[in-house]
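The opening residue of the sequence shown carries number 44 in my numbering; numbering runs sequentially from there. Just so you know, even glycine gets a beta-carbon here, dropped at the ideal spot from N, CA and C. For clarity, every value in this text was computed on a predicted model and none was experimentally measured.
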Amino acid sequence: MSTLSSSVSDFTPSYLYYFNKTPTRAVAIFYLAPTVVSSNLTLVDNVQLRQLAELGELDAHYQLALRFLQQGNPAAAKLWWQSEFDNYAVNQQQALADNLIAQQQWQSIEWLWQTNRLPQGDARQAWLLRQRSDAEYIKADFAKRHNFSLSLHTVSVMPQCKFNVLMLTDHHAGINALKSFKRFYQAKPEPEKNSFCFSEIVYVGDQFSCRNHDMAVQCNWENAVAYNWPAGFDFIVMMSESGAANVVGGIMHINSQQSYQVFLHELMHFNGFEDEYPLPEKKQQWLCKQQGKVAPNLFIANDVLPPSGWQKSRACKNSMAYKPSPNWSIMQYQTMALSQQYRQLWQKQINQPLTKPIRFIDYFTFLGVKPTITTTSSLDKFSD
């Protein structure tokens, strides 16, 4: 037996040369020089790889599962990895789990978690984020590598911007979605450069219990009393998993499935823009009874004439609402691009505000979270 081993070892370079020239003969070469084949499995086609796996070659099992995953066939991959997962090396388990995350195979990750098989590493951290686990369970080095923060203490304002915005999320997908929004905005700032600066994304876990209530995202901001909020920030963007986007008291609630255009629409609410589709009944009860220009894009013609060129708006059912343009706008249809007219209205509102924007700290005060003075007398007036 030792003579055979020595003989095979002597011819290993030849087998390697032959394998590199004819990888389609991988199975035949495997019988003669298994290490040559097992260390070069990435060169083997799926048919040969499957045959090797059926011969009991564990690395072939792993490579086949990984290949199916990377080719977008998770069902086929699972047939190979699930039965042998316990036998894989730790680094193989980690790589496979990372690929499951990349392919959004959360059911498989959940199975690994529930059966105590999910290895330590990035996939485990991603799963904890998806479960909205407390920030204390997320490792600092993982957060640093993925460019997000675990604490409000690490973010700071950028003084060159008129408004600074805290970017918060309670789940895994929200981190990447907020990063994407920041990239889009930085590539084309609206309504002009240095209007808004956005903080590093901060993962807050489920501390604010954000849920879908009556189709809209709502959070329990009374829990904010437990936090020391960084000075100088004007608004908050809170990204949760589900629910329609809305702005309440300087806080944008938005879910991670919504588009950048929706984000831009909601961003305009920070500066007092109103929706040009029918407003909620509760809001109409007080807003539609006012008179004159109540928002950059809303004029209430109660006993007064609207400005020249303004057109009927659907915002109020009493037919007293007017908007600046006869055309559809981003405030009426969130999928619309921001027009030059509305960009100019936005610029004017920022530089010469019709009304003072409500900061999130004002809303906290209204809730009794902070002992600061507020002149707002109605929760309705905090809503977009």
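Run through DSSP, which three-state label would residue i get?
i      : result
Val247 : coil
Asn289 : strand
Ile343 : strand
Gln375 : coil
Val133 : helix
Phe191 : coil
Ala119 : helix
Ala439 : Coverage of the chain is limited to positions 44 through 427, which leaves residue 439 absent and any answer about it impossible.
Asn394 : helix
Lys225 : helix
Gly370 : According to the sequence shown, residue 370 is Asn rather than Gly. Coil, per DSSP.
Pro66  : Low per-residue confidence applies at Pro66: pLDDT is 46, beneath 50, and the placement is therefore not dependable, though the value from the model is reported in the following sentence. Pro66 falls in the helix class under three-state DSSP.
Ile401 : coil
Val90  : helix
Gln174 : coil
Ser151 : helix
Glu100 : coil
Gln146 : coil
Leu75  : In this predicted model, Leu75 has a pLDDT of only 41, less than 50, meaning its place in the structure is not dependable enough to derive any value.
Gly411 : coil
Ile181 : coil
Glu235 : coil
Leu18  : The structure shown has nothing for residue 18, since the chain only spans 44 to 427.
Gln106 : helix
Gln114 : coil
Ser199 : coil
Just to confirm, is the Cβ distance from residue i to residue j under 7 Å?
i      : j      : result
Tyr246 : Leu193 : yes
Gln375 : Tyr303 : no
Phe152 : Trp170 : Looking at the sequence shown, residue 152 is not Phe but Ile. The answer is yes: Cβ separation under 7 Å.
Ile429 : Ala166 : Since the first residue shown for the chain is 44 and the last is 427, residue 429 is missing from the structure and cannot be characterised.
Ala259 : Asn289 : yes
Val347 : Gln334 : yes
Asp213 : Arg173 : no
Val198 : Gly275 : no
Ile218 : Phe251 : no
Cys253 : Ser223 : no
Gln384 : Ser362 : no
Lys366 : Asn340 : yes
Cys262 : Asn237 : no
Phe278 : Phe403 : yes
Gln137 : Pro162 : yes
Asp177 : Gly248 : yes
Ala220 : Ser126 : no
Leu95  : Ala108 : no
Trp353 : Phe342 : yes
His308 : Ile373 : yes
Leu388 : Ala358 : no
Gln157 : Phe185 : no
Leu112 : Gln146 : yes
Phe241 : Lys225 : yes
Ala364 : Ser356 : yes
Considering only heavy atoms of the ligand ATP, does any lie closer than 6 Å to the CB of residue i?
i      : result
Lys355 : Ligands displayed in this structure: none; no statement on the ligand ATP is therefore possible.
I'd like to confirm the pairing. Which residues does DSSP put opposite residue i in its beta bridges?
i      : result
Lys355 : Tyr365
Arg160 : Per DSSP, none; premise fails for Arg160.
Gly335 : Ile343
Cys240 : Asn207
Asn255 : Val260
Thr212 : Tyr246 and Met282
Entirely enclosed beta strand (DSSP E) segments - the segment 257-331, minimum 3 residues: 259-261, 278-283, 289-291 and 294-298
Three CB pairs or more closer than 8 Å across the segment 126-137 and the segment 206-219: no
Given 8 Å, three or more beta-carbon pairs between the segment 289-297 and the segment 310-319: yes
The segment 261-269 in contact with the segment 223-233 per 3-pair CB rule at 8 Å: no
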